[in-house]
Amino acid sequence: MAPVVLSVGGISSLIDKIKLSTSAGVDNINSKLLKNTKEIIAMYFLMMFSLSLETGILPNDWKEGKVIPVHKSGNRQSPLNYRPISLTSVPCKIMEHVIYSHIMHFLDTNFFILPSTDLVNHYPVKPNFLYLFMIYTLLSTVTFRPMQSFSTSQMPLIRYHTNAYCQNFPS
263 MAPVVLSVGG ISSLIDKIKL STSAGVDNIN SKLLKNTKEI IAMYFLMMFS LSLETGILPN
323 DWKEGKVIPV HKSGNRQSPL NYRPISLTSV PCKIMEHVIY SHIMHFLDTN FFILPSTDLV
383 NHYPVKPNFL YLFMIYTLLS TVTFRPMQSF STSQMPLIRY HTNAYCQNFP S
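Going by my numbering, the final residue of the sequence shown carries number 433, and the count climbs one at a time with no gaps.
Below you can see the structure in the form of structure tokens.
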């Protein structure tokens with residue numbers, strides 16, 4: 263897989279897409295601050311993201327989250343009526359999006375993901391969970407058969423939710 267390509271323009275456009283309602287993580291960097299300083303901050307994020315990808319080290323604040331209870335419905339006195347949410351670093355979310363997009367592009371262009379509705383109908387879950395499930399399925403298939411060789415026709419094909427079908431899938 264090719265290395266992740268980062269650019270100031272790409273990071274700036276991701277900052278533009280952040281909702282203003284996105285809460286800050288442990289680092290207290292909120293989305294409003296990022297949007298107001300994106301021309302300057304994107305350059306620093308480019309350096310930080312590049313260094314992090316090269317070294318494999320994340321800033322400590324990015325590894326932590328603030329867990330807060332959010333009221334669902336019903337009696338506010340009952341702990342059962344709350345669900346936990348974890349507030350994580352907004353810059354880390356931007357970097358995660360860059361890496362996620364790179365991996366999905368690789369899987370898409372190398373025919374690891376076949377368009378179909380079968381898997382979605384089988385596993386009606388959130389799209390992000392669906393991709394995690396598909397990647398897990400692929401990795402467990404390859405990992406648990408290390409000494410055997412198999413062709414792509416023997417590997418269970420991974421599908422995702424579109425109606426288009428690949429025309430030139432290698433056999």
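By construction, the Cβ of each residue, glycine as well, lies at the ideal position given by its N, Cα and C atoms.
Q. Can you tell me where the alpha helix (DSSP H) with residue 353 in it begins and where it stops?
A. Taken as a continuous stretch (DSSP letters only), the alpha helix (DSSP H) holding residue 353 covers 352 to 371.
Q. Can you give the Cα-Cα distance for residue 349 and residue 280, rounded to whole angstroms?
A. Those two C-alpha atoms are separated by around 14 Å.
**Q.** Inter-residue Cα distance where the pair is residue 274 and residue 330
**A.** Just so you know, the alpha carbons of residue 274 and residue 330 end up roughly 29 Å apart.
Q | Runs of alpha helix (DSSP H) lying entirely within the region 269 to 304, each at least 4 residues, in chain order | A | 270 to 279 and 293 to 298
**Q.** As assigned by DSSP and simplified to three states, the class of residue 308
**A.** helix
Q | Neighbourhood of residue 286 by C-beta distance below 6 Å, restricted to the same chain and skipping five residues each side | A | 292
Q | Cut-off 8 Å between Cβ atoms - residues of its own chain near residue 333, not counting five sequence neighbours on either side | A | Taken in chain order, the residues that qualify are 343 and 344.
(Q) Which residue marks the beginning of the beta strand (DSSP E) containing residue 332, and which one marks its end? (A) 328 to 333
Q: Verify whether the separation of the beta carbon atoms of residue 360 and residue 268 is less than 8 Å.
A: yes
Q. With distances taken from CA atoms, which of 306, 358 and 264 is nearest residue 325?
A. 358
Q | Three-state secondary structure assigned by DSSP to residue 322 | A | helix
**Q.** Distance between residue 311 and residue 296 (C-alpha atoms, nearest Å)
**A.** Rounded to the nearest whole angstrom, the C-alpha separation of residue 296 and residue 311 is 15 Å.
Q) What is the DSSP secondary structure of residue 346, counted as helix, strand or coil? A) In the three-state reduction of the DSSP assignment, residue 346 falls in the strand class, which pools E and B.
Q) What three-state label does DSSP hand residue 265 in the structure shown? A) coil
Q) From this set, 277, 288 and 362, which residue's C-alpha is nearest residue 294's C-alpha? A) 277
Q: Rounded to whole angstroms, what's the CA-CA distance from residue 368 to residue 362? Just pull it up for me.
A: 10 Å
Q. Is DSSP giving residue 314 helix, strand or coil here?
A. helix
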